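Residue numbers (my numbering), protein chains in the order written: chain A, 13 to 192; chain B, 32 to 382.
Glycine is no exception: its CB is placed at the ideal position from the N, C-alpha and C atoms.
Every value quoted in this text rests on a predicted model; they were computed, and no experiment measured them.
Here's the structure we're looking at; comments come further down.
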Amino acid sequence: MEDYSTVISGFGGQGVILAGKILARTGMETGFQVTWLPSYGPEMRGGTANCTAIISSELIGSPIVDNPSALIAMNPPSLDKFKGTVGEDGLIVVNTSLVDEPEERDNVTVAGVPLNEIAQEIGNQKAINMVALGAWAKFTEGIDLEDVVRGMELTLTDMGKERFIESNGEALKRGYGYIK
Amino acid sequence: MGEMQLMRGNEAIAESAIRAGCKNYFAYPITPQAELLQWMAVHMPEVEGGTFLQAESEIGAINMVYGAASAGERTMTSSSSPGISLKQEGISYLAGANLPAVIVNIMRGGPGLGNIQPAQGDYFQATKGGGHGDYHTITLAPSTVPEAAQLTYDAFDLADKYRTPVTVLADGMIGQMMEPVELPERKDREEIPQKPWATTGAQGRKGNVIKSFALGGEDLKAMNLARFERYEEIKKKEVRSEEVNVEGSEVVIAAFGTVARIVKSTIRLAQEDGLKIGLFRPITVWPFPGEQLNELSKRVDTVLTVEMNSGQMVEDVRLSVKSGTETPFYGEVGGVVPTPGGILEEVKQYV
Numbered sequence: 013m014e015d016y017s018t019v020i021s022g023f024g025g026q027g028v029i030l031a032g033k034i035l036a037r038t039g040m041e042t043g044f045q046v047t048w049l050p051s052y053g054p055e056m057r058g059g060t061a062n063c064t065a066i067i068s069s070e071l072i073g074s075p076i077v078d079n080p081s082a083l084i085a086m087n088p089p090s091l092d093k094f095k096g097t098v099g100e101d102g103l104i105v106v107n108t109s110l111v112d113e114p115e116e117r118d119n120v121t122v123a124g125v126p127l128n129e130i131a132q133e134i135g136n137q138k139a140i141n142m143v144a145l146g147a148w149a150k151f152t153e154g155i156d157l158e159d160v161v162r163g164m165e166l167t168l169t170d171m172g173k174e175r176f177i178e179s180n181g182e183a184l185k186r187g188y189g190y191i192k
Numbered sequence: 032m033g034e035m036q037l038m039r040g041n042e043a044i045a046e047s048a049i050r051a052g053c054k055n056y057f058a059y060p061i062t063p064q065a066e067l068l069q070w071m072a073v074h075m076p077e078v079e080g081g082t083f084l085q086a087e088s089e090i091g092a093i094n095m096v097y098g099a100a101s102a103g104e105r106t107m108t109s110s111s112s113p114g115i116s117l118k119q120e121g122i123s124y125l126a127g128a129n130l131p132a133v134i135v136n137i138m139r140g141g142p143g144l145g146n147i148q149p150a151q152g153d154y155f156q157a158t159k160g161g162g163h164g165d166y167h168t169i170t171l172a173p174s175t176v177p178e179a180a181q182l183t184y185d186a187f188d189l190a191d192k193y194r195t196p197v198t199v200l201a202d203g204m205i206g207q208m209m210e211p212v213e214l215p216e217r218k219d220r221e222e223i224p225q226k227p228w229a230t231t232g233a234q235g236r237k238g239n240v241i242k243s244f245a246l247g248g249e250d251l252k253a254m255n256l257a258r259f260e261r262y263e264e265i266k267k268k269e270v271r272s273e274e275v276n277v278e279g280s281e282v283v284i285a286a287f288g289t290v291a292r293i294v295k296s297t298i299r300l301a302q303e304d305g306l307k308i309g310l311f312r313p314i315t316v317w318p319f320p321g322e323q324l325n326e327l328s329k330r331v332d333t334v335l336t337v338e339m340n341s342g343q344m345v346e347d348v349r350l351s352v353k354s355g356t357e358t359p360f361y362g363e364v365g366g367v368v369p370t371p372g373g374i375l376e377e378v379k380q381y382v
């Protein structure tokens, strides 16, 4: 498997940190090495927050990467800040509910997904992070949607939030299914 | 060994301390160490006889450590750089009174209030004593979350064995990041050494006195000499370091903690460019693995030290290498973390 280093970025409150933890848990449960690193600067609700989750078949040195293989940008400042860093053959999942889809860059796939609308459709506005992870999973090899669903279930169970598993699972599937 | 868990460094350190038999934890909150205190607040009350106490200040906390350690219980405090500065008087007293205790420093940018980003600016403070007087603390520098857990566990044994405070020197990145950890087993009460010197009540025996005070010159001299005899034993038996990819490398990077793990990525990047570089990683930064580095320096041309400060460990590196070894330095400061690519650019000047 190739390594996946994913930067997830958005407003505080969009579930960026949790989405990253679920990716790391997914990688760990699927038998890979993982790291998860949050930005923990002077950020607040409504500001931007980001984290980096790395999934690798090898021991992970730096938990920070210069050129991530994927970016999930949930709001405009996130896209501006990180779109130029995505590496060769990388992926940008962008929330077209809030951001105009950027122009295709050489060797970078851009997947525009209306995260907020899809989350609204399933009646769980908070699940936009899961819709994004579902879309991400469409592009990965070695990690399937079912693996992410399991990572989400385990993470939420540990948090005592089992009641959100069903709607988050639905959000993951809708994100996955949106990508054709 | 138990199951793999995904944990933050701060959480893994806290849980590992509990499993090592830590009975008393006193601290005051500070970023980026807060999750350690939070974990202890939740889980220390589950420990039989366990005490969690958020003190009124860092100074209060370290002096509570002095009291609990005097009573012979495994005791810990934790903080981040500015808070560790406040504790220095207390750490000096612990060292002077030959008390075992564990102090965790999740370093951040400094000096002064600095910022809350990862840094390694407390190397001098941690390895050269830190407070007043003539002493050291054993200082362990983890570079991964699992290692932070293991070294914290070991720190309690080292503290008891040599009757000395032990510092776990990590930084905001190790504290904040999550990695899979297999935590060590919880120690039984019987596995923890008896402490006949402790102030446990003097019924039926002569009272124990614990102090760092000796008014007569000869008395204090004797106390200090005895301590430095123990330091010699520590230097002989407890030095730890790691070497990666050093065979056949002309350039070796010396780095500890977070920077060392980033260098492991740099080594891989260098291989893609057809360059071979190695890593020398002190795990004990006091005692510094000087002999090991000296041996290694006989086989290389250059030892490049990389740190998240303006050049602190590099002084120990320069004292250790064989004469004639090139010893350049590359540092990032202010809470900026060097990247694998940034370090590679630096290395390329010397390959």
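B:V78 and B:I115 - do their beta-carbons sit closer together than 8 Å?
No.
Secondary structure at A:E148, three-state DSSP: helix, strand or coil?
The question names Glu, but residue 148 of chain A is Trp in the sequence shown. It is helical.
Name the residue from B:A100, B:M344 and B:L251 whose alpha carbon lies nearest to the alpha carbon of B:D165.
Residue B:L251 is the option with its Cα nearest to B:D165.
Using a Cβ-Cβ cut-off of 8 Å (strictly less than) and excluding sequence neighbours within five positions of B:D191, which residues of its own chain qualify?
These residues qualify, in order along the chain: R105, P131, I223, P224 and K226.
Quick check on this structure: which residue in B:H74, B:K118 and B:P76 has the alpha carbon closest to the alpha carbon of B:I93?
Among B:H74, B:K118 and B:P76, the Cα nearest to that of B:I93 belongs to B:K118.
Is there a C-beta anywhere in chain A that falls below 8 Å from the one on B:T370?
For B:T370, the answer is yes, since a Cβ of chain A falls inside 8 Å of its Cβ.
Check whether the segment 351–367 of chain B and the segment 326–342 of chain B are in contact - that is, three or more C-beta pairs closer than 8 Å.
Yes, the segment 351–367 of chain B touches the segment 326–342 of chain B.
Taking only three categories from DSSP, how would you classify B:G362?
If DSSP states are grouped into helix, strand and coil, B:G362 belongs with the strands.
Run through the segment 90–166 of chain B for me and flag every whole alpha helix (DSSP H) of 4 or more residues, listed as ranges in chain order.
Those alpha helix (DSSP H) runs which fall completely within the segment 90–166 of chain B and span 4+ residues are 112–117, 119–127 and 154–158.
At a CB-CB cut-off below 9 Å, which residues of chain B make contact with A:W148?
By Cβ distance, chain B contributes nothing, its closest Cβ being about 18 Å from A:W148, past 9 Å.
Should B:H163 go down as buried or exposed, given a rule of 16 or more other Cβ atoms within 10 Å for buried?
Its Cβ having fewer than 16 others within 10 Å, B:H163 is exposed.
Just to check my reading of the structure: B:G40 and B:V176 have Cβ atoms closer than 8 Å, yes? What is that Cβ distance to the nearest angstrom?
So it is a contact: roughly 5 Å between Cβ atoms.
The segment 212–244 of chain B: which residues have C-beta closer than 9 Å to a C-beta of chain A, in chain order?
Cβ contacts with chain A come from no residue of the segment 212–244 of chain B.
For the alpha helix (DSSP H) holding A:T167, just list the boundary residues, first then last.
Per DSSP, A:T167 belongs to the alpha helix (DSSP H) from L157 to D170.
The beta strand (DSSP E) with B:P313 in it runs from where to where?
Run containing B:P313: I308 to P313, per the beta strand (DSSP E) assignment.
Do B:A100 and B:K242 have their CB atoms nearer than 8 Å?
Contact: no.
Classify A:I191 as helix, strand or coil using the three-state DSSP reduction.
In this structure, A:I191 counts as coil in the three-state DSSP scheme.
For B:E46, collect the residues of the same chain with a Cβ closer than 8 Å to its Cβ; drop the 5 residues on either side in sequence, then sort them by chain order.
Here the set comprises M38, W70, H74, A180 and L214.
Less than 8 Å between CB atoms is the rule here; does B:R308 satisfy it with respect to chain A?
Correcting the residue identity first, residue 308 of chain B is Ile in this sequence and not Arg. Cβ-Cβ to chain A under 8 Å: no for B:I308.
Please work out which residues of its chain come closer than 6 Å, Cβ to Cβ, to B:M32, disregarding the five sequence neighbours upstream and downstream, and give them in chain order.
Unreliable placement is indicated for B:M32, whose pLDDT of 48 sits below 50; the coordinate value is still reported in the next sentence. E213.
Between A:A61, A:P126 and A:S109, which lies nearest to A:A31 when the distance is taken from Cα to Cα?
Of A:A61, A:P126 and A:S109, the residue nearest in Cα terms is A:A61.
Given this structure, state the Cα-to-Cα distance separating A:S21 from A:C63, to the nearest angstrom.
Whole-angstrom Cα-Cα distance: 7 Å.
When we look at the beta-carbon of A:S69 and count the other beta-carbons within 10 Å, is it buried (16 or more) or exposed?
So A:S69 counts as exposed.
Using CA coordinates, which residue listed in B:Y124, B:L67, B:L68 and B:P63 is at the minimum distance from A:S51?
Checked all of B:Y124, B:L67, B:L68 and B:P63; the closest Cα to A:S51 is B:P63.
Measuring only between beta-carbons, confirm whether B:L37 sits less than 8 Å from chain A.
Cβ-Cβ to chain A under 8 Å: yes for B:L37.
How many Å lie between A:L2 and B:G160 at the Cα?
The shown model of chain A, from 13 to 192, leaves out residue 2 of chain A, and the question about it has no answer.
In this structure, what does DSSP give as the bridge partners for B:D202?
Bridge partners of B:D202: B:M138.
8 Å is my cut-off, CB to CB: does B:K379 come that close to chain A?
So no, B:K379 is outside the interface.
For a contact meaning CB atoms closer than 7 Å, what does A:G99 contact in chain B?
Per Cβ cutoff of 7 Å: no residues; A:G99 is ~11 Å from chain B at best.
Can you name, in chain order, every residue of its own chain whose Cβ lies under 7 Å from the Cβ of B:G80, other than the five neighbours on each side?
Only K54 meet the Cβ criterion.
With a threshold of 8 Å between beta carbons, is B:R139 in contact with chain A?
No, B:R139 lies away from the interface with chain A (no Cβ there is under 8 Å from its Cβ).
Which partner residues of B:M209 appear in the DSSP bridge assignment?
Bridge partners of B:M209: A:W48 and B:R39.
For B:F287, does the three-state DSSP call read helix, strand or coil?
B:F287: coil per DSSP, three-state reduction.
Entirely within the segment 311–351 of chain B and at least 4 residues each: give me those alpha helix (DSSP H) ranges in chain order.
Whole alpha helix (DSSP H) segments, 4+ residues: 321–328 and 344–351.
Is the Cβ of A:M40 closer than 8 Å to any Cβ of chain B?
Yes, A:M40 counts as interfacial toward chain B.
Is the Cβ of B:M32 closer than 8 Å to any Cβ of chain A?
Here the model assigns B:M32 a pLDDT of 48, short of 50, so the residue's position is not dependable, and the following value carries that caveat. Not an interface residue.
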